[in-house]
Every structure is written in C-alpha cells, then in structure tokens.
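Protein chains in written order, with the numbering used here: chain X, 1 to 75; chain F, 1001 to 1110.
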C-alpha cells in the first residue's frame, strides 16, 4: 500500500495549521518519503514530542499505509 | 498490552544499558533505518544489545505501544527512550548523542 504525497501534507497541515511542510518522495515509489515540518507549535517541546505530533497527525497511517517517512522538525 | 511482553521489554531495558529494538540483528540488519542506527552506535564503539523484533510479532507491536512510538528502530539508553532513526541521526550529527552517552556514563569512542 502506498500513500500520496498530497495526502500526507494535508493531514499534517490539518493538525498543525501554521506549519510549513516540505515532502520528498525519496525513492519515487510512493512509499519512502521525507518530511520537513516547520511549526511554532514545536516550541519548547522535546524532539520526541515534536515527532509524535507529526506521527499523530497521520492518524495511525505511519507504519501501516505509510512504510517510511523520515521526519525533520523545526521551530 | 500483554503483561508478558511488557515484562520482556522491561527485562531487556533493565538488562542492558543500551538497547536497540531493531529489524534484524546488528550483524545483519534487515531494514535501512535499523542499519543506520546500528552503524552510528558501532562507529561510536558503544556496547549495545540489538533486539530483533522480527523474531517476535508480539514484541514488534508491543514495543510500539510501550514507547508510544509507531516505528522501529527504537533506541533506549539507561531505560530512557531516546528516539527513532531520524532523531538519533540528528543527535549523532549535532553531538547530542555523545552528550547523552557521556551524561549517562556509557563508554564510547570520544
């Protein structure tokens, strides 16, 4: 199963409305992405919590429909 | 979550100072992300235990609940969840990983 790049971006933006999201399809197979997410919501939070916020926005798709998403978060 | 799996995870993180829950083994990782974290620990000459989640389906799902983290690998240092591949890589690159090892009294190549 694969997931569309736009759908990932949409889900992250729904959860973090102020965020800037840059997504790359690393292998061109719709299965291995990297996302750089910049949001003020990350301020004061640990990296683990920041990444969890992104995982949460994907509503359980991470590890299922979405096999690989490398995440980078910035404040 | 199954108590047996919880006990198993607790035994692992209590039993080794540095534990990597991974796909495959340190000598034969079966996923690029697991291999990446494994390699960083090897470069730093950290003595760690690799726990292959592919050998136990309940462990594979259990560790995700235990850490509240949806992906594997997962690195624990002195019972504390440090992160998955992206976070560990970032910490390796910016020197924070060495700092944690130092702070927690784990020996590594300086």
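Backbone N, C-alpha and C define an ideal beta-carbon position, used for all residues, glycine too. On a predicted model such as this, the values are computed, not experimentally measured, just so you know.
_The alpha helix (DSSP H) that contains residue 1098(F), what's its start and end?_
Residues 1096 to 1103.
*Endpoints, beta strand (DSSP E) assigned at residue 27(X)*: First-last for residue 27(X): undefined, no H or E at that position.
*Are there three or more Cβ pairs, one per stretch, closer than 8 Å when the segment 1016 to 1028 of chain F is compared with the segment 1062 to 1078 of chain F?*
Touching, yes.
*Which parts of the segment 1028 to 1089 of chain F are runs of the beta strand (DSSP E), unbroken and 3 residues or longer, counting only runs that do not cross its ends?*
Counting only runs of at least 3 residues, the segment 1028 to 1089 of chain F fully encloses the following beta strand (DSSP E) elements, listed from N- to C-terminal order: 1049 to 1052, 1074 to 1077 and 1080 to 1083.
*Does the distance from the C-beta atom of residue 25(X) to that of residue 11(X) stay below 9 Å?*
Cβ distance not < 9 Å, so residue 25(X) and residue 11(X) don't count as in contact.
*Give every residue of the same chain whose Cβ lies closer than 7 Å to the Cβ of residue 1025(F), excluding the five residues on either side of it in the sequence, and list them in chain order.*
For residue 1025(F), where only same-chain residues beyond five positions count, the Cβ hits under 7 Å are 1050 and 1052.
*Which residues does DSSP pair with residue 72(X) in a beta bridge?*
Per DSSP, 36(X).
*Report the neighbours of residue 23(X) on chain F: residues whose CB is nearer than 7 Å to its CB, in chain order.*
Under the 7 Å cutoff, chain F gives no residues; its nearest Cβ is about 14 Å from residue 23(X).
*Report the three-state DSSP secondary structure of residue 1024(F) (helix, strand or coil).*
In the three-state scheme derived from DSSP, where H, G and I count as helix and E and B as strand, residue 1024(F) is classed as strand.
*asked:* Can you confirm whether residue 1040(F), when its beta carbon is compared against all beta carbons of chain X, has any partner nearer than 9 Å?
replied: Answer no: the Cβ-Cβ gap between residue 1040(F) and chain X never drops below 9 Å.
*Count the CB pairs spanning the segment 1034 to 1045 of chain F and the segment 57 to 72 of chain X that are closer than 8 Å, and state whether there are at least three.*
Touching, no, given that fewer than three Cβ pairs across the two stretches are closer than 8 Å.
*How far does the alpha helix (DSSP H) with residue 1007(F) in it reach, from first residue to last?*
The continuous alpha helix (DSSP H) containing residue 1007(F) extends over residues 1003 to 1015.
*Whose Cβ in chain X lies nearer than 8 Å to the Cβ of residue 1136(F)?*
Summary: the structure shown does not reach residue 1136(F), with chain F confined to residues 1001 through 1110, and so no result is reported for it.
*If you count every other CB in all the chains shown that lies within 10 Å of the CB of residue 18(X), and 16 or more means buried, which is it?*
Exposed: under 16 other Cβ atoms inside 10 Å.
_Between the alpha carbons of residue 1108(F) and residue 1040(F), how many angstroms are there, rounded?_
The alpha-carbon atoms of residue 1108(F) and residue 1040(F) are separated by roughly 11 Å.
*asked:* Strictly under 9 Å for the Cβ-Cβ distance: is residue 1012(F) near chain X by that measure?
replied: With 9 Å as the cut-off, residue 1012(F) does not count as an interface residue toward chain X.
*By Cβ distance below 6 Å, which residues in the same chain neighbour residue 3(X) in space, the five residues on each side in sequence not counted?*
Closer than 6 Å at Cβ, skipping near neighbours: 65 and 66.
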